[in-house]
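Participant:
Chains as they are written, first to last, in the numbering used here: chain A, 1220 to 1993; chain B, 4 to 163.
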């Protein structure tokens, strides 16, 4: 039987990304000191579902990663291990790798296989290591650092100079954690070291190039990606493994024993040093085993090198273990390098030993448990169904139709004799209520909670704060506020930008905060709420606030028309100008000045508004106001020359009856209107749209609107009312019409155009210019 | 399915014929979605005169073109006999205003003659040919070509 699995791929992709998002969310909210079992179970279930799904669809790479992940989670939820922050880090990193793999299966770029191995190793190490091993893991660098063996031969004269060698080592230490194995001296110009660094080979070579020729430098990864490395070990030191294994698993291996172990290894790989440098990665582990002790001070030798020796045999044992590839890749070795002290090392071998012997039983136990877990997952089956947005939109359209039909019926029924048609009228009333309820519930299908957007930010904040060396706590308020799906998708980018801005420019570094008498930990708050038919999203930080003086200075530098006396509100508006940035240093986070203008444009494109509030020393608050949905718009209907137009209410400032003496002409023909001290361009809509409208200014109405380019007064014949209108696309069957953002269907079934206020202002001004030119 | 020759023209098929002024036109019936009476349209600002505007067709905004204006067939009248043919072209829905719908005819390729060049308003590009049915001459229009052409300005010019 062959079923085309590919038809289910999409479902798998969707489900998996949901599981991943869910997992990340749970992880970020996890209380490390006192994790709730329920959360751990939920995380485990998510990982398990991903594993199950990926296994079914044959995405074995994902299965492998989730398998390791699951292993650790399983121990956590059984309370065999205590949760630690580094585990959360590892889980998050694993989530990233999985997401990358998922994208790869959907046609994205391939995930670096090194990353996968690294995370598998980290997880396995966490799952199997006991407290001591774990403690060392905690100090392991979060950044995926590579461990490299550096070997280079110095010219004798250079090697003889103490000072020169010191300089060189200092230079090296700046870019990498150096674990010196052999210091070049007059007798032997060979430098051997193990480097732990995130830098590239080239950078390392550059650091040395000043002293030695490039051909003299040999850099090899200390832990092998190549399978050959395993093979090498299996052959090179099989006997050694047995011995070492026996030794360490039976004996808790105090430092003295470790030294003994070291001595043991001394003889094992008997290859001469010069040969080994060209050898494969894994060999580096034994690098200084033969014949080096005398060159190094004793304290360094014994504790420092024994785990490395252990590492080797570990490979041999784990080669066949599922998901255990490169288990020890950077585990003890890398940790040891980042930690000069030798204290925990004595216990490390012990744990390593245990790890080896425990391994099979742990595996078995896990398999046994997994079967029971399946039933748990099945029992908690989803109570939701997956429906394509298209179907929902179709439903919304149909309901929209129903609403219009109902309105028409109600209008017609209004003319009937209420006594004779009593039953009919009652029915129509009922219909009206049912229709309204139906419309509301159908619209709510498209509504998603803001937590969909907010949930991604803890991660962004965490990563970014780490990068910027800031301490930031993130709070979210009102994540259950619902917003149209279309808006949710479009609000994410502007919000991310604002959050990054707040972190980069708003919240100060801890020292500065302490100096200002604030909590060193900054707070970033995301808040969503409903306010009268609009959704208000706020991004608040308790940082330094906007610097009025600097903004003004920059504005003047850029030749913007400002004066020192303008209000704060107007000053803050300046940062929405394209290309405006007050950052002194352009970082990769922000500061290029591309941003706030885009944020503002995006949000206005959604029919929303952005406002800024800031007080120096207390922080900044950005307020975004959005309509509830993209599909419905609050509009004011105006009549012009017998046609109805909808002006989006968000753009309307006020409407008033003009007085003749408020109208001034400029250069003969362009008209301005004087309203409350402001001179606004006077745009006659009937003229813009080529309609025959009211000519007499005193008979019409002025609607003052505010568009991207400022305010203008639109002259219309009459105000008809205020409605919620369903936005319909003109482009679907026609094309874009200048000055219109769409169309809608009114209660009487007729089509009305929705004005694109900014475009109308532009058209009106262009008309005026043309007239002036004529 | 119709037997379609290399030019994409059905060699034989059913056509809806309609009148514009004194002339009779035919279009592929498979492009016709429905026929309805003329109702008030909402004008679109600054659009050519032959684009009457848009109507609400069960929730869909549909542009309406008056072919009589497009083809310069005198001053059109709008009364209870004026007919709108709703077309389904590609994924788009649009309507054309005509004086009346007359018939559905079968036309074989032998009854279809190439249209002579006479530099009329209606470019021969948009003509399938001239059909003869019972002594009547029917101008066969490639309605898809016509409606999506640039001069109709019904679709975004990106198609060009």
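Cβ atoms here follow ideal geometry from the backbone N, Cα and C, with glycine treated the same way.
Remember, it's a predicted structure, so these values are computed and weren't measured experimentally.
Keeping to the same chain, check which residues put their C-beta closer than 6 Å to that of residue 1740 (chain A); ignore five residues upstream and five downstream.
Facilitator: Correct list, in chain order: 1690 and 1692.
Participant: Does residue 1916 (chain A) come out as helix, strand or coil in the three-state DSSP assignment?
Facilitator: Three-state DSSP puts residue 1916 (chain A) in a helix.
Participant: Nearest to residue 32 (chain B) by CA position, among B:95, B:126, B:84 and B:108, is which residue?
Facilitator: Minimum Cα distance to residue 32 (chain B) is reached at B:108.
Participant: Does any C-beta atom of chain B lie closer than 8 Å to the C-beta of residue 1772 (chain A)?
Facilitator: Residue 1772 (chain A) does not count as touching chain B.
Participant: Going along chain B, which residues have a C-beta under 8 Å from residue 1627 (chain A)?
Facilitator: Residues of chain B passing the Cβ test: none, with the nearest at roughly 11 Å.
Participant: Would you say residue 38 (chain B) faces chain A, with C-beta separation under 8 Å as the test?
Facilitator: By this cut-off, residue 38 (chain B) is not an interface position.
Participant: If we call anything under 8 Å between Cβ atoms a contact, is residue 2019 (chain A) one with residue 1933 (chain A)?
Facilitator: Nothing can be reported for residue 2019 (chain A): it is not among the residues displayed for chain A, which extend from 1220 to 1993.
Participant: Should residue 1549 (chain A) go down as buried or exposed, given a rule of 16 or more other Cβ atoms within 10 Å for buried?
Facilitator: Because the pLDDT of residue 1549 (chain A) is 39, which lies under 50, any placement of that residue in the model is unreliable, and the question is left without a value.
Participant: Taking Cβ to Cβ, would you say residue 1970 (chain A) is nearer than 8 Å to residue 99 (chain B)?
Facilitator: Cβ distance not < 8 Å, so residue 1970 (chain A) and residue 99 (chain B) don't count as in contact.
Participant: Which first and last residues belong to the alpha helix (DSSP H) in which residue 128 (chain B) is found?
Facilitator: Careful: residue 128 (chain B) lies outside any alpha helix (DSSP H) and carries neither H nor E.
Participant: Taking the continuous alpha helix (DSSP H) assigned at residue 91 (chain B), which residues delimit it?
Facilitator: Looking at the DSSP string, residue 91 (chain B) is not in any alpha helix (DSSP H); the run it does join, the beta strand (DSSP E), is 86-92.
Participant: Distance cutoff 8 Å, beta carbons only. Does residue 1969 (chain A) sit that close to anything in chain B?
Facilitator: Chain B, which has a Cβ nearer than 8 Å to the Cβ of residue 1969 (chain A), makes this yes.
Participant: Would you call residue 1973 (chain A) buried or exposed, if buried means 16 or more other Cβ atoms sit within 10 Å of its Cβ?
Facilitator: Answer is buried; the Cβ neighbour count reaches 16.
Participant: Please report how far the alpha carbon of residue 106 (chain B) lies from the alpha carbon of residue 1858 (chain A), in whole angstroms.
Facilitator: Distance between the alpha carbons of residue 106 (chain B) and residue 1858 (chain A): 41 Å.
Participant: Could I get the ranges of all uninterrupted beta strand (DSSP E) runs contained in the stretch 1651-1683 of chain A, with 3 residues as the minimum, in chain order?
Facilitator: Runs of the beta strand (DSSP E) inside the stretch 1651-1683 of chain A: 1666-1668.
Participant: Please classify residue 84 (chain B): is it buried, with 16 or more other beta-carbons within 10 angstroms of its beta-carbon, or exposed?
Facilitator: Exposed, since its Cβ has fewer than 16 Cβ neighbours within 10 Å.
Participant: What is the residue span of the alpha helix (DSSP H) that residue 1704 (chain A) lies within?
Facilitator: Element bounds for residue 1704 (chain A): 1704-1720.
Participant: If residue 44 (chain B) and residue 29 (chain B) are in contact, beta carbons under 8 Å, what's the gap, nearest whole angstrom?
Facilitator: Rounded, the Cβ-Cβ distance is 25 Å, inconsistent with contact.
Participant: Using three-state DSSP, classify residue 1268 (chain A) as helix, strand or coil.
Facilitator: It is helical.
Participant: Which term fits residue 1878 (chain A), buried or exposed, when burial requires 16 or more other beta carbons within 10 angstroms of its beta carbon?
Facilitator: Per the 10 Å Cβ criterion, exposed.
Participant: Ends of the alpha helix (DSSP H) at residue 1310 (chain A)?
Facilitator: First-last of the alpha helix (DSSP H) with residue 1310 (chain A): 1304-1324.
Participant: Can you give the Cα-Cα distance for residue 1777 (chain A) and residue 1783 (chain A), rounded to whole angstroms?
Facilitator: If you take the alpha carbons of residue 1777 (chain A) and residue 1783 (chain A), they lie about 15 Å apart.
Participant: Can you list the residues of chain A that residue 97 (chain B) reaches, using a CB-CB cut of under 9 Å?
Facilitator: Under the 9 Å cutoff, chain A gives 1952 and 1953.
Participant: Within the 8 Å Cβ cut-off, does residue 1313 (chain A) reach chain B?
Facilitator: Taking Cβ atoms only, chain B never reaches closer than 8 Å to residue 1313 (chain A), which makes this a no.
Participant: Between which two residues does the beta strand (DSSP E) holding residue 1962 (chain A) run?
Facilitator: From DSSP, the beta strand (DSSP E) with residue 1962 (chain A) extends over 1959-1964.
Participant: Pull up the distance between the alpha-carbon of residue 1638 (chain A) and that of residue 1645 (chain A), whole angstroms please.
Facilitator: Residue 1638 (chain A) and residue 1645 (chain A): Cα-Cα distance of roughly 11 Å.
Participant: On a Cα-Cα basis, can you pick out the residue from A:1291, A:1609, A:1298 and A:1799 that is closest to residue 1771 (chain A)?
Facilitator: Checked all of A:1291, A:1609, A:1298 and A:1799; the closest Cα to residue 1771 (chain A) is A:1799.
Participant: Does residue 1909 (chain A) get closer than 8 Å to chain B when you measure Cβ to Cβ?
Facilitator: Yes, its Cβ sits closer than 8 Å to a Cβ of chain B.
Participant: Could you compute how far the alpha carbon of residue 1258 (chain A) sits from the alpha carbon of residue 1302 (chain A)?
Facilitator: C-alpha separation (whole angstroms): 12 Å.
Participant: Could you confirm whether any beta carbon from chain A is found closer than 8 Å to the beta carbon of residue 64 (chain B)?
Facilitator: It does; some Cβ of chain A falls within 8 Å.
Participant: With burial defined as no fewer than 16 other Cβ atoms inside 10 Å of the residue's Cβ, what is the status of residue 1328 (chain A): buried or exposed?
Facilitator: It is exposed - the Cβ of residue 1328 (chain A) has fewer than 16 other Cβ atoms within 10 Å.
Participant: How about residue 1817 (chain A): is its C-beta nearer than 8 Å to some C-beta of chain B?
Facilitator: No, residue 1817 (chain A) does not count as interfacial toward chain B.
Participant: Go ahead and label residue 1738 (chain A) buried or exposed: buried means 16 or more other beta carbons lie within 10 angstroms of its beta carbon, across all protein chains shown.
Facilitator: Residue 1738 (chain A) comes out exposed.
Participant: Counting only beta-carbon separations shorter than 8 Å, does residue 1867 (chain A) have a partner in chain B?
Facilitator: It does not; no Cβ of chain B falls within 8 Å.
Participant: Assuming contact is defined by CB atoms lying nearer than 8 Å, are residue 1755 (chain A) and residue 1870 (chain A) in contact in what I supplied?
Facilitator: Not closer than 8 Å, so no.
Participant: Is any beta-carbon of chain A found at less than 8 Å from that of residue 52 (chain B)?
Facilitator: No, residue 52 (chain B) does not count as interfacial toward chain A.
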